[in-house]
Amino acid sequence: MEQFIEKDGKRLRFGYTTGSCAAAAAKAAAWMLLTGQKKEEISLITPKGVALTLPVLDITMKQNRVSCAIRKDSGDDPDVTNGTLIYAEVSTKETPGIVIDGGFGVGRVTKKGLDQPVGNAAINSVPRQMIRENLEEILTLTDQKCGLNVVISVPEGERLAKQTFNPRLGIVGGISILGTTGIVEPMSEKALVDTIRVELKQRRANGDEYVLLTPGNYGCDFIRAGLALNPEQAVQSSNFIGKTLDICRELGFRGALLVGHIGKLVKIGGGMMNTHSKYGDCRMEILAAHAGAAGLSPEKIGELLGCVACDDALRIMKEAGCMEETLTGLLSRILFHLRHRAGEDMEIGTILFSKEYGLLAKSDNAMELIEKITEG
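Numbering-wise (the working numbering), the sequence shown opens with residue 901 and increments by one.
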């Protein structure tokens, strides 16, 4: 498979998911088990309709079981599982049906709210369906009536899982076998939003009605140092603040507190609900508007507009004695846009900080929301 997409002027190559690898490995192993013939490449159709023909690696054939592997190729998407071998061992059983489980390096679900119930291997629904359908195809082609046991394993999975969200989600012992289309789209925003959805869905399934949100690592650091809270309580929204609030509404959360660096949240004051720089950088313009309304002189506004970092702009406002009033006005606009996106049924609050100046501003309900979040 050689498919490409143009993004930001770059030609990026598609890859295929761990789910496709698991299904292909299982299909190849089943073919070799039921025919006794070695197979060094295997073809399958992904749920997206893309045909894959993949090399089959590390084949071990025994009388009643066969093991083999497919190497994960993430294309040009940055993925910790790229190049990893995904193994399937297939064995026969007397009773009809296909039983799928995870072996070494495949995580095990320990908390509610994920794709699989507690106790199951973290092999998601679509990969399970792909494995089942491809093995049923092999049973039909070989005219066999037996059942099949399938065990998916990832030798590097336990190590790789430490670089994923799995420990936060309560998936222990390895990576998840994932994929809804079977194909990895390079730099996929959808994949990031899906990850946010999974974590929020899990929080909701465990009874949380209020949620702590932050765009990223700066927010987590402030939550720990500035609020004395465990940063693992926060769901990281990345730049997708608007979509995160949409998911919160959809899942029925009663409230959310957004804690973020001013460099991110100032953009919300201008109505930008995706704060990635490729959608625009209006930080200084928004700060200048609020500083001007707070009495900053035209000369200083011009200086502020030349700033690169928000801390420099804050310094100018602080020296001019209008930082507090500026931040009050900015906070009001941020809350206006957050409340509009969150809707009437969800309480929303926010806390702004900077690395140099610490806590800058917080909504009147921020501490009350923290209590509700920690009690939950």
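Every residue gets a Cβ at the ideal spot worked out from N, C-alpha and C, and that includes glycine.
Taking the alpha carbon of ILE1096 as the reference point, which residue from LEU1205, GLU1150, LYS1272 has its own alpha carbon closest?
GLU1150
Here's a check: name, in chain order, each residue in its chain whose Cβ is nearer than 8 Å to the Cβ of GLY1243, leaving out the five neighbours to either side.
ARG1149
Going straight from the alpha carbon of PRO1067 to that of ASP1015, what length do you get?
15 Å
Do you know whose CA, among LEU1060, LYS1143, LEU1269, lies nearest LEU985's CA?
LEU1060
Would you list, in sequence order, the uninterrupted beta strand (DSSP E) runs of no fewer than 3 residues that lie entirely inside the segment 984-1017?
985-993, 998-1002
Cα-Cα, which of ARG1028, ASN1139, LEU912, THR1226 is closest to ALA1309?
Given that the chain is displayed from residue 901 to residue 1276, the structure contains no residue 1309 and the question cannot be resolved.
Alpha helix (DSSP H) runs wholly inside the segment 907-937, at least 4 long, in chain order
918-935
With a Cβ-Cβ cutoff of 9 Å, do ALA929 and GLU989 count as a contact?
yes
Starting from ILE1248, follow the beta strand (DSSP E) in both directions and report where the run begins and ends.
1247-1254
Given that a residue counts as buried once 16 or more other Cβ atoms are within 10 Å of its Cβ, and exposed if not, what is ALA1128?
exposed
To the nearest angstrom, how far is it from the Cα of GLU1089 to the Cα of PRO1131?
24 Å
In terms of DSSP beta bridges, what is ARG965 paired with?
SER991
As a quick exercise: from GLY936, ASP1212, GLN963, THR1080, pick the residue whose alpha carbon is nearest that of GLY919.
THR1080
On the premise that ILE1077 lies in contact with ASN1024, defined as a C-beta separation below 8 Å, what is that separation, rounded to the nearest angstrom?
6 Å
PHE1236 burial status per 10 Å Cβ neighbour count (16 or more: buried)
exposed
Other residues of its chain near GLU1203: CB distance less than 7 Å, five sequence neighbours each side excluded:
ILE1216
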